[in-house]
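One structure is given here, and the rest of the page talks about it.
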Amino acid sequence: MLVRDTIANAVAAALEKASSDGVINVDSVPEIEVERPNNADHGDFATNLPLRLARAARANPLQLAQLIAERIESTPEIDSVAPAPPGFINFKLSESWLQQQVETVRAAGDSFGACDIGAGRKVMVEFVSVNPTGPVHVGHTRGAVLGSALANTLAAAGYDVTREYYVNDGGSQMEAFYRSVWTRYRQALGQDAEMPENGYQGEYIADIASEIIESEGNRYLDKAEATAVREIGDVARDKMVALIRNDMDAIGVSFDNWFSERSLFQNPDSPSSDYDRAMARLRSGSHLAEHSGALWFLSTAFGDERDNVVVRSSGEHTYFASDIAYHFNKFAERGFDRVIDIWGADHQGHVIRMKAAVQALGIEPDNLTVLISQMVTLKRGDETVRASKRTGDFVTLRELVDEVGMDACRYFFLARAASTQMEFDLELATRESSENPVYYVQYAHARNASILNLAAERGIDYGAGDVSLLTHPNELELIRTMLRLPELVVQVAENLEPHHLPHYAMELATAFHHFYENCRVISADQEDNELTLARLKLVAAAQVAFRRTLALMGMSAPDRMERS
RNA sequence: GUCCCAGUAGCUCAGUGGACAGAGCGGCUGCCUUCUAAGCAGCUGGCCGCGGGUUCGAAUCCUGCCUGGGACGCCA
């Protein structure tokens with residue numbers, strides 16, 4: 006149990022006692038909030054319960070604080086309980102309990118920070134899902150980093166997490182892509198072919214075409230155009246997906262599943278496809294209607310501004326229709342308890358209709374959460390870099406990672422709340438790459454590691470170290486900071502806000518640097534022997550905290566760092 | 001026109017209704033014979049966009065306005 010909860014329980018019990026003692030009269034008890042005060046002088050935790058109770062109890066909040074505080078039973082965690090104006094109750098953690106946590110953290114190892122608020126529930130995080138028509142660019146990179154860190158944290162919080170990439174391999178944009186490759190293929194073979202109007206201009210199209218020529222020669226030229234486009238398209242799509250997979254690799258993102266849009270329309274094991282069944286379900290609920298020759302989903306019934314077409318008058322289904330089938334598949338077919346979609350800002354207008362569709366399918370709409378990852382504006386100094394796939398003028402994930410590095414890249418994207426637009430200055434990111442927070446954190450870990458390495462070299466066995474010797478303020482500060490990781494996991498998992506991770510990492514690093522500066526660990530002085538052993542234990546525990554934090558963020562934890 | 005996001009230190013951004021508003025970067029001073037100075041210590045720096053409201057208490061909630069960005073297709 007988190008200390009926070011222990012304290013909340015103690016407060017609740019004290020309030021109950023005060024009530025049965027007849028000194029406090031309240032009809033209803035508000036939820037007990039236990040928070041970390043901004044000012045460390047106020048202790049480790051505080052509750053504002055007396056302030057919230059004052060009106061209902063018709064009493065002075067400070068007096069209430071007094072009455073509750075004196076009824077709080079002592080626990081191993083709590084050292085002191087103090088009422089404070091205007092009506093807080095402040096808690097200080099006991100030093101001996103804190104010291105003991107060093108052992109607890111070491112013993113927990115990789116499971117440190119884990120909890121079970123997810124209770125094994127199946128949750129899918131679907132993210133990136135860029136159309137395989139071109140390389141992944143910077144905006145998508147943000148979503149990739151966000152999704153993977155979120156998935157990591159949800160897993161730590163006890164959810165059964167599936168990371169999924171939705172491959173949009175159908176639709177008209179893919180058609181344009183297929184035709185673009187076909188055109189470049191023919192041009193490369195000396196034919197007179199003209200790029201379609203909505204074609205993709207990027208150089209990578211020509212690259213793919215020449216790769217195909219290299220491996221398969223000109224054999225597609227002999228085929229009928231429609232066949233050639235389809236076949237060469239399939240090859241090109243597979244190449245694009247492989248490319249995207251590599252890009253994801255470069256940024257440290259992996260998926261459990263790559264889900265094909267086309268598969269929604271073909272289902273060999275069943276008389277009907279996901280698409281057919283989803284549509285049937287909507288039809289039976291009277292959520293579909295035909296007019297102007299098209300089939301519409303009646304989303305206005307769910308508060309949307311207008312209805313949306315699912316089948317065009319041409320008979321082709323829309324992207325939205327695929328998406329309905331896809332979500333039907335996620336919930337009804339695969340049985341996910343919860344689905345989190347991470348979409349780019351350009352899809353924000355689709356959230357309402359997607360939730361409406363889910364509801365119309367008979368699924369609790371709250372089980373679907375759509376996170377919008379806002380725009381990333383790229384700059385090089387004062388110059389704004391436009392990002393457009395069509396013109397081929399954009400900065401790719403690959404270019405970004407080559408320039409800034411994976412860890413820095415992840416850190417910068419993670420550090421900003423998903424809902425806010427961010428500016429990414431490439432020049433600045435490169436220039437400051439040796440002076441940025443990423444290295445501050447990793448350097449702390451490297452310092453940590455080098456102490457342990459030295460201890461190993463000298464064959465020091467600190468297993469018997471006595472943690473009760475850890476009384477220096479910087480030692481206790483470090484322990485306190487380590488202990489916030491489990492709370493952080495809960496917070497990130499509940500609010501789906503991974504941007505707290507880097508901020509916590511900074512604070513952990515600061516606590517460690519302070520400790521490093523003021524508490525010599527491996528002492529040359531024989532008299533400090535016992536303290537050395539105790540501190541080595543603390544260092545080992547801190548290493549656990551660093552590794553867990555960096556792992557959640559998907560960043561590497563280097564044992565050595567040196568300036569070149 | 002409707003909707004979404006944002007406006008906090010010179011810059012980039014944290015801040016889950018609480019007790020004197022924070023970090024990194026930048027700028028200015030100091031500190032390496034001891035586990036890595038990618039570090040530490042100190043200084044510099046803010047009508048939390050503006051006006052109302054709710055509250056014992058507002059950067060945080062509500063509302064109006066201003067500024068910037070984005071979305072509003074039988075595209076995906």
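If you read the first sequence in the working numbering, its first letter stands for residue 6, the second for the next number, and so on. Every residue, glycine too, gets a C-beta built ideally from N, C-alpha and C.
Residue range of the unbroken alpha helix (DSSP H) whose run includes residue i
| i | result |
| --- | --- |
| S25 | 8–25 |
| N251 | 230–255 |
| E100 | 100–113 |
| A59 | 54–62 |
| N157 | 143–161 |
| A211 | 208–221 |
| N523 | 505–523 |
| I357 | 356–365 |
| E192 | Here residue 192 turns out to be Gln, not Glu, going by the sequence shown. 177–193 is the span of the alpha helix (DSSP H), which, as asked, contains Q192. |
| L419 | 411–419 |
| D281 | 279–289 |
| I122 | It is not in any alpha helix (DSSP H) - I122 carries neither H nor E in the DSSP assignment. |
| L226 | Looking at the DSSP string, L226 is not in any alpha helix (DSSP H), and its letter there is neither H nor E. |
| A70 | 66–74 |
With 16 other Cβ atoms within 10 Å as the buried cut-off, status of residue i
| i | result |
| --- | --- |
| T425 | exposed |
| S277 | exposed |
| M6 | exposed |
| I122 | exposed |
| A214 | buried |
| T396 | The predicted position of T396 is uncertain, since its pLDDT is 44 and thus under 50; no value can be drawn from it. |
| R358 | buried |
| G92 | buried |
| L557 | buried |
| A247 | exposed |
| K335 | buried |
| H296 | exposed |
| K228 | exposed |
| N203 | exposed |
| G139 | buried |
Candidates the options: closest to residue i by CA position
| i | options | result |
| --- | --- | --- |
| A154 | R525, A420, A74, S528 | A420 |
| D471 | T537, H505, P503, L457 | T537 |
| N136 | R267, A423, N453, V314 | R267 |
| A59 | N30, R41, R463, G48 | N30 |
| T476 | E512, N523, D174, D342 | N523 |
| A539 | R111, E408, P88, E36 | R111 |
| S455 | P563, G238, I484, I377 | P563 |
| A160 | F132, G176, C120 | C120 |
| F117 | R126, V107, A124, F302 | V107 |
| G354 | D371, F325, Y521, Y331 | F325 |
| M284 | T146, A330, P55 | A330 |
| C414 | Y171, R147, E78, K22 | R147 |
| E78 | T11, A469, E36, I37 | T11 |
| L376 | R489, A23, I347, R463 | I347 |
| S528 | L541, E230, P90 | L541 |
| A23 | A64, A546, I73 | I73 |
| G559 | F50, S259, A181 | S259 |
Counterpart residues of residue i in DSSP-defined beta bridges
| i | result |
| --- | --- |
| N313 | F302 |
| E428 | T382 |
| T537 | For T537, which the question treats as bridged, DSSP gives no partner whatsoever. |
| M129 | T167, V344 |
| K97 | S85 |
| A51 | E40, N95 |
| L172 | At residue 172 the sequence reads Val, which differs from the Leu that was named. In the DSSP output, where bridge partners are listed per residue, V172 has S265. |
| H322 | V316 |
| L373 | V344 |
| G349 | S378 |
| T401 | H142 |
Limits of the beta strand (DSSP E) - the one that residue i falls within
| i | result |
| --- | --- |
| L383 | 381–385 |
| H296 | 293–296 |
| M200 | Taken as a continuous stretch (DSSP letters only), M200 belongs to no beta strand (DSSP E), as it is neither H nor E. |
| F264 | 262–265 |
**Report entry** Runs of alpha helix (DSSP H) wholly within the segment 443–496 (minimum 4 residues, chain order)
**Finding:** Listed in chain order, the complete alpha helix (DSSP H) runs (minimum 4 residues) inside the segment 443–496 are 478–487.
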